[in-house]
Each structure stands twice: as C-alpha cells, then as structure tokens.
Amino acid sequence: MRRMRSLRTALTAAASAVAALALTAVSGAPAQAAAPLPAHVFAPYFESWTGESPAALSAQSGAKHLTMAFLQTATAGSCTAYWNGDTSLPVAAASFGTDIRTIQGRGGDVIPSFGGYTADTTGTEIADSCSDVDQIAAVYQKVVTTYDIPRLDMDIEVDALDNTAGIDRRNKAIKKVQDWATAAGRTLEISYTLPTTTRGLAPSGLAVLKNAVANGARVDVVNLMTFDYYDNAAHDMAQDTKTAAQGLYDQLAKLYPGRTPAQLWGMIGVTEMPGVDDFGPAETFTLANARQVYDWAVSKGINMISFWALQRDNGGCPGGGAADNCSGIEQNTWDFSRIFAPFTSGSTAPSDDFSLAATPSAATVTAGGSASTTVRTAVTAGAARTVNLTVSGAPAGVTASLSPTSVTAGGTSTLTLTTTSAAVNGTYQIVVGGASPAAAHSATYSLTVTGGNGNQCTAAPWSSGPVYTGSQQVSHKGHNWRAKWWTTGEEPGTTGEWGVWQDLGAC
10 MRRMRSLRTA LTAAASAVAA LALTAVSGAP AQAAAPLPAH VFAPYFESWT
60 GESPAALSAQ SGAKHLTMAF LQTATAGSCT AYWNGDTSLP VAAASFGTDI
110 RTIQGRGGDV IPSFGGYTAD TTGTEIADSC SDVDQIAAVY QKVVTTYDIP
160 RLDMDIEVDA LDNTAGIDRR NKAIKKVQDW ATAAGRTLEI SYTLPTTTRG
210 LAPSGLAVLK NAVANGARVD VVNLMTFDYY DNAAHDMAQD TKTAAQGLYD
260 QLAKLYPGRT PAQLWGMIGV TEMPGVDDFG PAETFTLANA RQVYDWAVSK
310 GINMISFWAL QRDNGGCPGG GAADNCSGIE QNTWDFSRIF APFTSGSTAP
360 SDDFSLAATP SAATVTAGGS ASTTVRTAVT AGAARTVNLT VSGAPAGVTA
410 SLSPTSVTAG GTSTLTLTTT SAAVNGTYQI VVGGASPAAA HSATYSLTVT
460 GGNGNQCTAA PWSSGPVYTG SQQVSHKGHN WRAKWWTTGE EPGTTGEWGV
510 WQDLGAC
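Position one of the sequence shown corresponds to residue 10 (the numbering used here), numbered consecutively onward.
#1: What would DSSP say about I135, mapped onto helix, strand or coil?
#2: To which residues of the same chain is S336 closer than 6 Å at the C-beta, ignoring the five residues directly before and after it?
#3: Closest to N241 by C-alpha separation, out of P290, N312, P212 and W471, would be which residue?
#4: Please report whether the beta-carbon of K219 lies at a distance below 8 Å from any beta-carbon of chain B.
#5: So what does L411 bridge to, in DSSP terms?
#6: According to DSSP, L75 sits in a beta bridge with which residue or residues?
#7: Around the Cβ of P501, are there at least 16 other Cβ atoms within 10 angstroms (buried) or fewer (exposed)?
#8: Report the start-end ranges of each beta strand (DSSP E) in the region 336–383 that is 3 residues or longer and not cut off at the edges.
#9: Let me make sure I understand the geometry here. Which of M10, Y454 and L411 has the alpha-carbon closest to that of D164?
#10: Are the region 111–119 and the region 72–92 in contact at 8 Å, needing three or more beta carbon pairs?
#11: Sorted by chain position, which residues of the same chain lie with C-beta nearer than 8 Å to A253's C-beta, five sequence neighbours on each side aside?
#12: By DSSP, does M246 sit in helix, in strand, or in coil?
#13: Closest by CA to S346, which one among T89, R178, L98 and A318?
#14: Going straight from the alpha carbon of G419 to that of A444, what length do you get?
#15: Note down the Cα distance separating G328 from E198, rounded to an integer number of angstroms.
#16: Helix, strand or coil: how does DSSP classify R227 here?
#17: Which same chain residues end up closer than 6 Å to L170 when comparing Cβ atoms and leaving out the 5 residues on each side of it in sequence?
#18: Measuring only the C-alpha atoms, how far is A190 from Y91?
#19: In the DSSP assignment, the alpha helix (DSSP H) including I112 goes from what residue to what residue?
#20: Please report the residue range of the beta strand (DSSP E) in which N298 lies.
#21: Buried or exposed: where does P47 fall if 16 or more other Cβ atoms within 10 Å of its Cβ makes it buried?
#22: Rounded to a whole number of angstroms, what is the C-alpha to C-alpha distance between I311 and H49?
#23: Spatial neighbours of Y239 within its chain, please: C-beta separation below 6 Å, excluding the five flanking residues on both sides.
#24: Verify whether the separation of the beta carbon atoms of T425 and S379 is less than 8 Å.
#25: Where does A192 sit, in a helix, a strand or coil, going by DSSP?
#26: Just checking, does the region 140–150 make contact with the region 169–186 on the three C-beta pairs under 8 Å criterion?
#27: Identify whether G214 lies in helix, strand or coil by the three-state DSSP scheme.
#28: On the CB-based measure, 16 or more other CB atoms within 10 Å of its CB, does G505 come out buried or exposed?
#29: Our contact map puts G442 next to S451 with C-beta atoms below 8 Å; I'd like the distance itself, whole angstroms only.
#30: Do F51 and T353 have their C-beta atoms within less than 8 Å of each other?
#31: Taking Cβ to Cβ, would you say V384 is nearer than 8 Å to A367?
#32: Using only alpha-carbon positions, find the residue among S67, G487 and Y201 that is nearest to Q577.
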C-alpha cells in the first residue's frame, strides 16, 4: 500500500551492524500459544506513522482487529526492522505494546505487516535489505514473541516483486519461523498481500507463491489489493473484486490441488481502498460497493476483508483526490468499518440499537418556501444511546438544517428545508443519517421543488468529452441534469433511475 505522507523523524545515515543470532535465541519471551484469528476476520490497515493510538481508533471504529503498517529497515542493507523504518520505534513493548495488549484484551488482535510501497521501492523491506536468512527469520520471531500475535503479513509490491533473491530469502525465512512455531506449539499464520489485476495475480505475484511452495513455506492467506489497477479502464470496483478473487481461486487451485473449494476460498483475502484510490476518481470504491463485497465475501467464505486505511474512513474531503486521511467521497466517519465489522466470525448485532424515520417522508414546496419533517428515533434493542444526526443531498438553492443535531434514542429532531427562488425544479432525496456508538441508520426524505427560477437551461450543455464530478450540472435535450458522481461519456437520460445523472426537470 502507498504511504502518501511521511511523518518520520530524520533517520540515521547508517544502521549499526547486527550480529547473526541463532533463531532459538532471539527472544527471552515465553513461547506461549497466541489465540488464533477468527476463520473470517475484518482487519483494516492502521497507519502507524500518524502518532494516533491503534487501540483508540479500534474502539471508535468498531474494528476489533487491525493490520499494522508497516515494519521495514531504516536503511537498505540493514537486518533490523523498525515500525516505519523509524529508529525511535523498534520492535519492543514500548512501541505499540500497550495498545496491542489493550486490543487483545477486548477480544481482538493485530497483524503486523512487513513491507509496503515505501519499503518495497527503497530496498528497506526486510528480506530485500538483509541477505542473511537466519537474521530475517529472527526478526519475524521477535515480532511474534514481543507482541504475542498469531499472524504476520508480507506486503510485497512494485520493486520487491522483481527481487528474486529477496523473494527466495523471505520464503526460506518464513519456513524457518514456521518450523520454530510448530516446535513451540504456537499458532502462526502467514499472509501475503499482493497487487492484482481484475482477473487474478499478475505473473510476478504468482511467482512469489510458487517460490513459497518450492521452499516449503506455508501461505495461509493471499490478500489481494483490489484497487490501484492503473489500467485506464472503466471500473465497477465491487465486480472487479469478485473477478480478481475468482482468478486467484483458480490460480490457488493449481498451486494446491489437494485443497477443497472451501479451503481455497478460506485462503483468500481482499483489501479495498475506500473512496478514491491512488489512480483517481475512475477507481472509486463506494459504500454501495462495500455492501456488495460484504455480501459476496460472506457467501464465499473468504478469510479476510481489509481496507487501506482506517484513518481514511471518513468524509473529510468529499470531491477530492486520493488522500491518506479521508476517503474523497461523501460519507460519515466509520461508515466502511461499520459495514465490514460483522464479517468477523462471532460478531453479533449491536446490543444497543435504534430506528430512524422521517414523518412525513415527502413534501412539495414552491421555490422560495420551506418544508419540515419530524425525524423520529426509537430504541429497538438494549439501552438508549446518544444519536448524532446529519443531513445530506440538498441541491443548490436549498438549505437543510436539523434541530437539535443529536438526540437520545427515543427522541425527535426537526428537519427544515428552506428554498430560494433560484432552486432548480425537481425531486431530491434528502438523506438523514443517525449514528450512535453502537449502530448507524439512515432515513430518506423526498423533496419536490416547483416554480423555481433555476429551471432555465443556464447550465452548460452536456458533451461526451469532459469529465463531470459529483454535483456538477449540465443541460441536455431540454432538461437540467446533475451528476451524482464522477462520469464521462455517459449521456443524460440514458443511464436510468439509478444511473449517474439525476433529472432536475425541464428547462
């Protein structure tokens, strides 16, 4: 995965030499058996260089399991791993140990991940950097015993996919640490996170797995990065996830011919990038895509759902490009986490839940006037919690407000929609969202505007060439149209009710 910003302090110019150590002498920590991960787990990536607490964000988001990014060396040629390659964050209890124990105490866990885009392009991925297989294996063992974790992830991308010597060293080291874990009676799984095409692994990614088989290294999970395709094609990101995973399934079936279909699907993970990915708006993963992927993942019984990254699961930069601290689309904070969290085996529905409704659910207003509705909440399970309310979907010339903006479940709020004479005629779906610490729901209010001056064909005529982004308006064949999301080449009036263009009425 890409890291688009760097909060590292200045690194030392050279790493200190590391003496070769026997694998059994790396750590004085007891080799107790860590609890295995659930058979199906949601574990989004946590950006460990931001200074935030993984335990705090785990609790806020509801993501009980996290994939911790990334472990790498400080400089190429070193055999010592640090979090983010930062020498102030060694593999030690003082570096995230308290957070990890807190997460484990809540019934969750973390998956430390080696590599990532920055390491893989700078020669600081541990197996690319270090030429000693025993020392690489010793680093893996130290991470396992320091944090008492049951899985390690290898995030191998770009240049690291072409480093055949590093690939071979990595898999030999994996075999060594697996043999140690078996002898110690410890659970230890290995996952490979690899880039993918929409039809499965590219040859370079498949070669990593073939080398693992040749070295006797057990790969428990192959986690596909189902984003950043960079192929300049049109993308349905949910469908592309499904076809990429099916392609991987077919590849795994050839590598592991003795495994059943359920076992093969149980080896597969997918990592999405919520909202706009690094390529741009053409590869946008929506909340609707997330629900589709969740349902598909449950039906197939895959091992893991993840996304890049937890700190991006918010709507702080709608309409923007790829960012490392927001999704680039309109959403509530933790929307993607709430969709995926129930995927973890043993998860249950929220114990404290509520319902949300708008009464009445529709109104017609003449431009310049106003309409209001009562937003009602009710406790449906457990205790009453505070529900924070939001509203979205109001077009130009319409102002939406809620009073109050938070209620205790069972209470009500008033949604008021005030229009101006410049409002564009049409019917709009106004969405009221409600989120408590335990659950989230939404209700839709249909507002029809008539008699507005904004219904003239003053918007620029639609053309097949330009790129239109969400909320941009065009005129076409006597109607005004508004784009719901990024589009190009799709003619207004041809995409259907659920398509990209919303008909704002005749002009």
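Each residue gets a CB set at the ideal place from its N, CA and C atoms; glycine is no exception.
The structure displayed is predicted, hence computed values, not measured ones.
Per the coordinate set shown:
#1: Here residue 135 refers to the residue found at position 126 when the sequence shown is read from its first residue. When secondary structure is reduced to three states using DSSP, I135 falls in the helix class.
#2: By 1-based counting over the sequence shown, the position of residue 336 is 327. Cβ within range, chain order: P283, G284 and R321.
#3: Numbered from its first residue, the sequence shown carries residue 241 at position 232. Nearest option by C-alpha distance: P290.
#4: This model lacks chain B altogether; it includes just one protein chain.
#5: As a working mapping, residue 411 is identified with position 402 in the sequence shown. When DSSP reads this structure, L411 sits in a beta bridge with L424.
#6: Here residue 75 refers to the residue found at position 66 of the sequence shown. According to DSSP, L75 bridges with V119.
#7: Counting from 1 along the sequence shown, the entry for residue 501 is found at position 492. By the 10 Å Cβ count, P501 comes out buried.
#8: Listed in chain order, they are 362–368 and 371–375.
#9: Numbered from 1 along the sequence shown, position 155 holds the residue referred to as residue 164. Taking each of M10, Y454 and L411 in turn and checking the Cα distance to D164, the smallest one comes out for M10.
#10: Contact between the region 111–119 and the region 72–92 is present, because at least three Cβ pairs lie under 8 Å.
#11: Along the sequence shown, read from residue 1 onward, the residue named residue 253 stands at position 244. By the criterion of a C-beta distance shorter than 8 Å, A253 is surrounded in its chain by T205, T206, T207, R208, G209, L233, T235 and V279, once the five residues flanking it on both sides are discounted.
#12: As a working note, residue 246 is residue 237 in the sequence shown. In this structure, M246 counts as helix in the three-state DSSP scheme.
#13: By 1-based counting over the sequence shown, the position of residue 346 is 337. Closest option to S346, Cα to Cα, is A318.
#14: Translated into the one-based positions of the sequence shown, residue 419 becomes position 410. Translated into the one-based positions of the sequence shown, residue 444 becomes position 435. Each residue's Cα considered, the two are about 13 Å apart.
#15: Locating residue 328 in the sequence shown gives position 319, counting from the first residue. Locating residue 198 in the sequence shown gives position 189, counting from the first residue. Distance between the alpha carbons of G328 and E198: 39 Å.
#16: Along the sequence shown, read from residue 1 onward, the residue named residue 227 stands at position 218. R227 falls in the coil class under three-state DSSP.
#17: The residue labelled residue 170 in the question sits at position 161 within the sequence shown. S213, listed in sequence order.
#18: As a first step, residue 190 is located in the sequence shown; it is residue number 181 there, counting from the start. As a first step, residue 91 is located in the sequence shown; it is residue number 82 there, counting from the start. Taking the straight line joining both Cα atoms gives about 22 Å.
#19: The count along the sequence shown starts at 1 and reaches residue 112 at position 103. Its alpha helix (DSSP H) spans residues G106 to G114.
#20: Residue numbering aside, residue 298 sits at position 289 when the sequence shown is read from its first letter. Note, N298: premise wrong, no beta strand (DSSP E); alpha helix (DSSP H) at L296 to K309.
#21: By one-based count along the sequence shown, residue 47 stands at place 38. Flag for P47 reads buried.
#22: Working through the sequence shown from its first residue, we reach residue 311 at position 302. Working through the sequence shown from its first residue, we reach residue 49 at position 40. Taking the straight line from one Cα to the other gives about 7 Å.
#23: In the sequence shown, counting from the first residue as 1, residue 239 sits at position 230. The residues F288, in chain order, have a CB closer than 6 Å to that of Y239 in the same chain once the five nearest residues on each side in sequence are set aside.
#24: Taking the sequence shown and counting its residues from 1, the one referred to as residue 425 is at position 416. Taking the sequence shown and counting its residues from 1, the one referred to as residue 379 is at position 370. It is a contact, given that the beta carbons lie within the stated cut-off.
#25: Counting from 1 along the sequence shown, the entry for residue 192 is found at position 183. Of the three classes helix, strand and coil, the one that applies to A192 here is helix, per DSSP.
#26: Yes, they touch.
#27: To locate residue 214, count along the sequence shown from 1; it is residue 205. Residue state, collapsed to three classes: helix.
#28: Taking the first residue of the sequence shown as position 1, residue 505 is located at position 496. Looking at its Cβ environment, which holds fewer than 16 other Cβ atoms inside 10 Å, G505 is exposed.
#29: Taking the first residue of the sequence shown as 1, we reach residue 442 at position 433. Taking the first residue of the sequence shown as 1, we reach residue 451 at position 442. That belief holds up - the Cβ atoms of G442 and S451 are roughly 5 Å apart, short of 8 Å.
#30: Working through the sequence shown from its first residue, we reach residue 51 at position 42. Working through the sequence shown from its first residue, we reach residue 353 at position 344. Yes. Within cutoff.
#31: For the purposes of this step, residue 384 is taken as the residue at position 375 of the sequence shown. For the purposes of this step, residue 367 is taken as the residue at position 358 of the sequence shown. For V384 and A367, yes; Cβs fall inside 8 Å.
#32: Lying before the first or after the last residue shown, residue 577 is absent from the chain, which here runs from 10 to 516.
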